[in-house]
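Written out below as structure tokens is the structure these notes cover.
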Amino acid sequence: MRLLLLASISWLVTLTKPLFSIRDLSFSARDLIMLFGGFFLLFKATMELNERLEGKDSDNPTQRKGAKFWGVVAQIVVLDAIFSLDSVITAVGMVEHLAVMMAAVIIAISLMLLASKSLTRFVNSHPTIVILCLSFLLMIGFSLVAEGFGFHIPKGYLYAAIGFSVMIEALNQLAIFNRRRFLSANHTLRQRTTEAVMRLLSGKKEDAELDADTSAMLADHDDSQIFNPQERQMIERVLNLNQRTVSSIMTSRHDIEHIDLDAPEEEIRACWKKTSIRVW
3 MRLLLLASIS WLVTLTKPLF SIRDLSFSAR DLIMLFGGFF LLFKATMELN ERLEGKDSDN
63 PTQRKGAKFW GVVAQIVVLD AIFSLDSVIT AVGMVEHLAV MMAAVIIAIS LMLLASKSLT
123 RFVNSHPTIV ILCLSFLLMI GFSLVAEGFG FHIPKGYLYA AIGFSVMIEA LNQLAIFNRR
183 RFLSANHTLR QRTTEAVMRL LSGKKEDAEL DADTSAMLAD HDDSQIFNPQ ERQMIERVLN
243 LNQRTVSSIM TSRHDIEHID LDAPEEEIRA CWKKTSIRVW
């Protein structure tokens with residue numbers, strides 16, 4: 003689908019014969035495709051950036067439960083068509099030769115198929131890279147819109163801007179990696195997690211950067227390797243105490259033994275010897 007779209011759009015952008023004019027601006031089929039593609043990328047990148055910056059969770063479990071089979075199939079088909087058009091328009095906005103565009107699309111699809119899980123983990127653990135890629139889409143969209151209005155932007159400018167941004171992000175990721183390595187060398191992940199939880203419970207605002215580093219290191223490890231199930235269960239129960247009523251907390255349990263303090267001493271000793279509880 004992507005290659006067919008790419009071949010058709012690449013042929014259409016060669017049509018430079020003016021179709022209509024608005025004052026001093028004349029628009030051909032190529033200009034209309036550039037404008038459509040540019041506004042499409044701007045819309046998609048802006049929506050994605052808005053979701054990222056707002057920090058909202060797009061997953062809605064109530065909607066997922068009521069989803070029908072054919073509705074899900076239709077959504078998959080529509081999303082695949084949109085993503086195909088997205089990647090094709092991006093390729094058209096970046097290079098001018100059809101063979102290079104096809105090679106870029108094939109390589110991108112192959113990488114997504116072969117390394118989908120690894121890419122998902124990488125993107126989830128490096129949110130700044132997602133923002134950077136969405137910014138690239140914005141830049142490419144602006145360049146397509148400018149092309150559509152007759153303002154030619156040399157591709158070398160786009161390559162230079164993208165290369166400089168990637169270099170800065172690489173330095174940023176290197177600094178984060180060195181910071182995590184320093185924290186791991188001085189404190190174990192268990193200690194870092196405990197300190198972060200205690201700071202959250204105390205309501206302190208300082209050391210926010212260290213808390214962010216701890217959460218990033220936690221994303222790279224299995225939580226079962228840090229705390230055993232009994233410890234996690236104990237912490238969960240303590241944190242959920244405010245959601246329970248007093249009567250549910252104070253309810254007598256089967257492992258509680260009642261002793262009448264007004265009873266004679268011999269009776270208290272006999273009752274104590276029958277219980278499974280011992281005082282050391």
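Numbering (this note's numbering), first residue to last: 3 to 282.
Think of the CB as a built atom: it goes at the ideal place given N, C-alpha and C, for glycine as much as any other residue.
- DSSP, read as helix, strand or coil, puts residue 153 in coil.
- For residue 24, the enclosing beta strand (DSSP E) begins and ends at 20-24.
- Annotated as proximal: residue 139 and residue 43, with beta-carbon spacing under 7 angstroms.
- A Cβ-Cβ separation of about 11 angstroms leaves residue 142 out of contact with residue 148 under the 8 angstroms criterion.
- Annotation: residue 241 is outside any beta strand (DSSP E); the continuous alpha helix (DSSP H) that includes it extends over 231-241.
- In the three-state reduction of the DSSP assignment, residue 51 falls in the helix class.
- If you draw a straight line from the Cα of residue 233 to the Cα of residue 244, it is about 19 angstroms long.
- Residue range 27-30 is occupied by the beta strand (DSSP E) that includes residue 27.
- DSSP, read as helix, strand or coil, puts residue 34 in helix.
- No Cβ-Cβ contact shorter than 7 angstroms links residue 150 with residue 26.
- Looking at the backbone, the Cα of residue 183 and that of residue 144 are separated by about 39 angstroms.
- In this structure, the beta-carbon distance from residue 259 to residue 277 falls below 7 angstroms.
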